[in-house]
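First comes the structure, then the notes that go with it.
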Amino acid sequence: MTVLRFDPRLATGLILLVPPVMLALLGLLWLPHDPNAMDLAHRYAAPSGPHPLGTDLYGRDVLSRVMAGGWRSLAMGIGGPALALVVAVPLSLLAALKGGWFEQALLRLNDAVLSIPTLILTLLIIVGLGASLMNAVIAIAVAIMPKFLRIAHAAATRVAIEEFVAAARIRGERTSYVMFREMLPNIMPPVIVEGSIFIGFSITAGATLSYLGLGTQPPAADWGVMIKQSWDSVRSSVWPIIGAALPIVMVILGVNLAGDSLQDRAGISKEKAHV
Amino acid sequence: MTKPNSTYRPQALSRRSLLRTSAAAAGGLAFGLPSVARAAGTSTLIVSMAGDMPSLDPMVRFTANSWRVSPNLYNGLTRFDADGTVQPDLATSWEADAETQSWTFTLREGVLFHDGEAFTSADVKATFDKMLDPETSAPYRAEMGPITSVDAPDELTVIFHLSAPFADLPSTLATSTAKIISARGIADFENITVKPYGTGPFRLVSFTPNDRLELEANPDYFDGRPELDRILIRLLPDTTAQITALRNKEVDAIADLDGSTAIDLASYEGVEVQEVPGGNFNNLVLLADRPPFSDNRVREALKLCIDREALADVLTESAGVVANDHPVSEVYRYFDADLPMRTPDLEKAKALLVEAGYPDGFEHKIVVGANPPAREKLAVLVQAMAQQIGINFTIEKMDNSRFLSTVWNKGTESYVGNYVTRPTADLILTKLYHAELGIDEGRWATPESNAILEEARATTDEAKRSELYAQFQEMAKNDGPFIISAFYNNLAANNDYVIGFPVHRIGLDMPLAKVTLADGAPSRG
Amino acid sequence: MPVRFFLRRVAFGVTSLLVLTVVIFLCTQLLPGDAATVLLGDTATDQALEEVRRQLGLDRPLPVQYLSWLGNALQGDFGRSMALNQSVSALVWPPFLASLQLAGIAFVSVAVLGIAMGVAAALAHGRKTDWAVLTVAYGGISVPEFVLGPLLILIFASPPLQLLPSSGAVSFSEGPGDWLRHMILPTATLCAVLIAHVVRQTRSGVLAVSQSEYIRAARLHGLPPGRVTLRYILPNALTTAVAVLALDIGYLMGSVVVVEQIFAYPGLGRLMLFSISSRDLQLVQACTLLIGTIYIFANLVADLVQGWLDPRIAERQA
């Protein structure tokens with residue numbers, strides 16, 4: 000690996016990620032107001048000292064709701080893809096190593112599931128599982144897993160025929176050693192970068208699920224739900240939407256910038272095309 | 000998480016009455032309108048609706064949107080005008096026998112169906128035979144009244160036989176689910192979802208389920224050819240798209256609105272918002288056959304902590320009126336205007352809870368379906384207000400299908416129901432409170448309460464009926480198993496060149512036969 | 000291209016399709032509540048429910064229901080929609096064609112713009128063009144569809160601009176100009192995320208190839224830069240782009256659902272959401288199967304194109 004060159008994309012990406020993540024984490028410990036406390040005399044209030052982002056249709060403090068709801072959006076937006084990755088990567092490594100009917104069966108099943116539109120599949124799964132935040136994360140993970148599996152498998156197949164893998168197997172290393180020590184580091188960059196495109200999707204999907212009564216339960220908030228519910232009153236107040244959309248945009252942009260930067264490094268230094 | 004304590008602060012009373020325009024104009028203008036300059040070319044009215052319209056079937060597979068459309072394709076024996084009064088439609092007159100156990104309707108002569116065939120009593124009989132057949136599973140079968148059979152002694156007479164006295168038959172027959180389908184339509188019932196077999200002022204041109212419906216004027220309509228040449232109904236699910244389309248004159252009218260959209264639209268020049276009182280409501284169901292709400296002191300405590308003015312204002316976005324925990328709104332004939340509105344009294348509420356054995360309050364769950372969003376809104380508001388007296392509600396939101404199949408009317412949990420205006424006060428009361436004729440949603444009915452409803456629907460003595468329904472409203476308010484805090488006004492919006500766009504007080508009917516377009520209407524080839 | 004590679008790919012496609020039918024069928028069986036409860040809604044009685052269920056054949060054992068469904072589906076008969084009481088096959092075609100137009104235009108735009116921008120960025124690596132392309136791409140990727148769609152309506156369709164219609168669709172035969180005007184906003188919303196994706200993958204593909212040993216060797220041999228780009232870099236980079244595009248069809252199909260709802264576009268996505276919310280299982284199954292088939296077919300084509308562009312892939316997999 001060459002010496003780490005300063006990449007403004009990586010820096011910008013990380014800088015963008017810090018505020019929303021910090022806000023969400025801080026929200027677990029401390030909030031300016033009770034996020035569910037109503038003040039019906041001050042609905043749709045514009046930003047002011049006590050309410051830096053104004054109030055929503057029940058007169059609840061928007062900033063507190065953005066902070067309190069952050070972890071849920073991050074759970075769906077990052078937790079969903081992360082869970083998918085944790086399951087898909089070992090499976091694809093195993094398939095690439097073992098080959099044979101296991102690989103074929105996995106790939107055919109994967110192609111079949113891959114062909115159902117993600118949002119529809121997410122809906123079908125969660126409607127079957129029943130509504131809760133945990134189930135929303137699971138449904139999102141299951142729905143996007145095939146995409147990870149496909150990318151990981153493509154990368155793993157290329158790695159599996161490399162000499163160092165063959166060498167390790169001849170040395171008599173255990174399968175798990177070959178999978179996780181030899182192959183894993185080489186397939187992670189493309190998988191992680193691919194994964195970043197699904198963070199935006201997962202937050203959006205999570206919001207759709209919550210809106211349909213399948214995710215976050217009222218009166219709790221998450222960023223996606225705040226946007227969805229505030230569209231109807233956007234002409235009364237635009238602040239709930241801005242307050243919730245800004246962190247989403249920052250997270251997506253941040254992860255994408257940082258991910259691309261990492262991919263470029265990995266790609267260029269290893270001379271490999273992706274997928 | 001922070002601990003929610005007194006999370007609700009009451010609002011200074013400031014009900015905006017922003018809109019409140021043409022309750023009378025909507026109905027009044029529709030009739031006897033002075034001649035209006037017609038826009039050149041064909042006059043086409045484009046109306047947008049949210050939600051789905053999968054079918055045009057008026058009897059079995061209907062939605063709110065197909066209800067709106069049906070008075071344009073079909074007629075009933077009777078119909079409601081904009082004020083909610085019953086008017087002749089395909090029947091010109093009617094009378095009941097002494098016991099109101101049978102009703103005789105005289106039919107209009109010389110009416111033609113869209114297929115050119117004459118309308119006769121055989122079509123009426125075919126329609127109701129189909130509806131009464133249990134195989135049809137017509138959802139509103141029970142709300143037509145206790146009809147047992149229909150006779151057609153001659154071409155222009157039909158007789159409805161009832162199993163019990165029922166004074167409201169002419170009203171129930173005015174609903175959108177009782178439209179008259181031709182005998183040929185009944186024979187071809189499997190295509191009724193896409194192929195209307197009616198007598199209405201407009202004929203079908205094309206229908207794409209859930210997307211668009213195009214109609215043209217029926218030149219043979221018995222009440223005269225409509226002014227409009229064409230109607231296009233478009234289904235626009237997204238509010239932003241809907242508002243933009245109206246302002247761009249891509250559509251001329253929006254058939255249903257929520258309060259916040261109405262406030263927004265009212266601010267644009269050239270857009271008229273119509274608002275009339277209605278009877279749609281959401282009810283929080285408190286099961287009266289099990290603790291904690293089996294004790295009326297607990298039900299009353301909850302009712303006393305509700306700030307109705309504030310709740311109604313938020314729930315309806317100022318487009319509604321306060322309700323008194325019973326489902327009879329001012330649009331019904333037997334609404335008791337003298338029943339005093341309950342005012343909040345937190346001290347009394349807390350005292351009642353102590354008396355009932357809940358000095359520290361209690362925890363309880365409310366289930367809401369995702370549609371319409373008002374279910375959730377009501378639950379969230381009640382949750383905040385009830386916390387003041389120590390009742391801690393948790394809310395479980397689920398998708399509508401699961402809600403309807405596992406929670407609604409199962410008698411196991413508290414939930415938020417959603418009801419539209421019925422033709423008569425009797426129907427909504429019987430539906431919600433009667434143990435056998437209705438669903439007794441709150442598991443609350445007693446032989447006495449059932450008897451009041453049965454007696455009231457059987458008598459034709461107006462004074463007696465008023466007295467009985469007033470008695471029932473008071474009972475429902477003081478003892479009943481529902482929190483009902485607001486009735487929604489019925490709202491619509493149109494560009495100002497549309498004259499006489501209808502908004503009804505009762506039901507969803509949207510009859511467009513008398514609508515005209517003035518100068519300024521966009522010309523459409 | 001070896002025949003064996005071709006046959007193998009086709010066999011894979013068919014197997015996937017068969018597995019898909021099972022997955023779809025099981026998924027739809029998991030849904031709680033059925034069309035009967037939704038149809039009757041707040042007016043249901045137990046007796047009416049059972050009657051409707053019997054009429055729908057919902058009371059038969061699962062494998063029987065699956066086999067009879069599959070058998071009929073193979074003959075193009077997807078049963079009757081419960082909510083709309085019409086033959087499903089007749090119902091799904093018009094929205095399917097509408098969605099195909101929308102997705103088709105979006106796909107072509109994504110492919111052309113995405114690859115062109117990606118290549119341009121890579122060739123201008125680190126310079127202004129590169130940054131400009133990347134900025135546009137990142138802008139597109141960071142705004143979710145359900146925010147971008149209404150935003151575009153507010154900007155381009157509302158007063159004062161009013162450049163484009165806010166929603167709906169007209170058929171091509173009614174007027175190609177009008178048809179196109181209705182397509183622009185939904186297509187733009189669909190493209191935003193995917194162009195970014197394709198740009199980035201193409202860009203890194205080109206970069207990776209252009210810095211590889213054999214391109215360096217070609218340059219060292221004194222081949223003109225234009226020729227190196229056209230003959231060696233582009234075909235290699237294109238394999239990457241094709242693979243990414245094939246995968247994106249899946250994402251595109253998913254976004255179509257959201258976008259059609261915002262723009263009131265009468266397509267299959269809207270029909271699917273309706274069919275799920277009304278528990279119209281026959282309709283859910285037919286829509287999902289139709290979209291799944293398109294996806295599997297597109298991927299089959301992508302595989303074959305890749306095999307044609309890069310015969311080594313075909314050799315290896317044959």
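Residue numbers (numbering that gives the first Met the number 0), protein chains in the order written: chain F, 0 to 274; chain R, 0 to 524; chain W, 0 to 317.
Yeah, the Cβ is synthetic: ideal placement off N, Cα and C, and Gly gets one too.
For residue 255 of chain W, there is no enclosing beta strand (DSSP E); the enclosing alpha helix (DSSP H) covers residues 233 to 261.
Using a 10 angstroms sphere on the CB of residue 205 of chain R, the tally of other CB atoms stays under 16, which defines it as exposed.
Under the three-state reduction of DSSP, residue 194 of chain R is assigned to coil, being neither helix nor strand. For the beta strand (DSSP E) assignment, the uninterrupted runs of no fewer than 3 residues enclosed by the stretch 64 to 95 of chain R are, from N- to C-terminal side, 77 to 79, 85 to 87 and 90 to 95. In this structure residue 127 of chain W is exposed. Its beta-carbon is surrounded by fewer than 16 other beta-carbon atoms within 10 angstroms. In the three-state reduction of the DSSP assignment, residue 214 of chain W falls in the helix class. Rounded to the nearest whole angstrom, the C-alpha separation of residue 132 of chain R and residue 62 of chain R is 21 Å.
Take residue 472 of chain R, set aside five residues on each side of it, and the residues of its chain with a beta-carbon closer than 7 Å to its own are 325, 327, 335 and 338, in chain order. By a beta-carbon distance limit of 8 Å, residue 118 of chain W contacts residue 205 of chain W. Their separation comes to about 6 Å. Within chain F, the residues 113, 114, 116, 117 and 146 have their CB atoms less than 8 Å from the CB of residue 249 of chain W, given in chain order. Residues 395, 406, 412 and 414 of the same chain have their beta carbon placed closer than 6 Å to that of residue 366 of chain R, with the five preceding and five following residues left out of the count. Neighbours of residue 216 of chain F in chain R, taken as residues at a C-beta separation under 7 Å, are given in chain order as 394, 395 and 396. Under the DSSP definition of a beta bridge, residue 438 of chain R lacks any partner. At a beta-carbon threshold of 8 Å, the residues of chain F lying near residue 257 of chain R are 231, ordered along the chain.
For residue 105 of chain W, the uninterrupted alpha helix (DSSP H) run begins and ends at 87 to 122, by DSSP. The beta carbons of residue 505 of chain R and residue 381 of chain R sit no closer together than 8 Å. Identification of chain W residues near residue 249 of chain R by a Cβ-Cβ cut-off of 8 Å yields 164, 165, 166 and 167, ordered along the chain. One alpha carbon belongs to residue 203 of chain F, the other to residue 56 of chain F, and they sit about 22 Å apart. Across the stretch 130 to 148 of chain W, CB contacts with chain F closer than 7 Å involve 137, 140, 141, 142, 143, 144, 145 and 146, in sequence order along the chain. Of the candidates R:476, R:90, R:358 and R:399, the residue whose Cα lies closest to the Cα of residue 389 of chain R is R:358.
Cβ-Cβ separation between residue 158 of chain F and residue 186 of chain F: approximately 6 Å, consistent with a contact (criterion under 8 Å).
Distances from the alpha-carbon of residue 444 of chain R to those of R:182, R:475, R:96 and R:189 put R:475 closest. In the DSSP assignment, residue 206 of chain R falls within the beta strand (DSSP E) that extends over 201 to 207. Residue 75 of chain W has its alpha-carbon roughly 46 Å from the corresponding atom of residue 170 of chain R. Excluding sequence positions up to five before and after residue 426 of chain R, its CB lies within less than 6 Å of the CB of 142, all in the same chain and listed in chain order. Residue environment analysis places residue 308 of chain R among the buried positions, since at least 16 neighbouring C-beta atoms fall within 10 angstroms of its C-beta. According to the DSSP assignment, residue 148 of chain R belongs to the beta strand (DSSP E) that extends over 146 to 153. At least 8 Å separates the beta-carbon of residue 321 of chain R from that of residue 420 of chain R.
Residue 272 of chain W is not a Cβ neighbour of residue 54 of chain R, given a cutoff of 8 Å.
Counting only residues of its own chain and dropping the five nearest sequence neighbours on each side, residue 378 of chain R has a CB closer than 6 Å to the CB of 365, 367, 394 and 415. For residue 233 of chain R, at least one C-beta of chain W is nearer than 8 Å to its own C-beta. Residue 268 of chain R is outside the set of residues whose beta carbon lies under 8 Å from a beta carbon in chain F. Of R:423, R:69, R:138 and R:437, the smallest CA-CA separation from residue 202 of chain R is found for R:69.
For residue 14 of chain W, the chain F residues whose C-beta falls within less than 7 Å of its own C-beta are 107, listed in chain order. Non-local C-beta neighbours of residue 46 of chain F in its own chain, meaning closer than 7 Å and more than five positions away in sequence, comprise 52, 53 and 238, ordered along the chain.
Identification of chain W residues near residue 134 of chain F by a Cβ-Cβ cut-off of 8 Å yields none; the smallest Cβ-Cβ distance measures about 12 Å.
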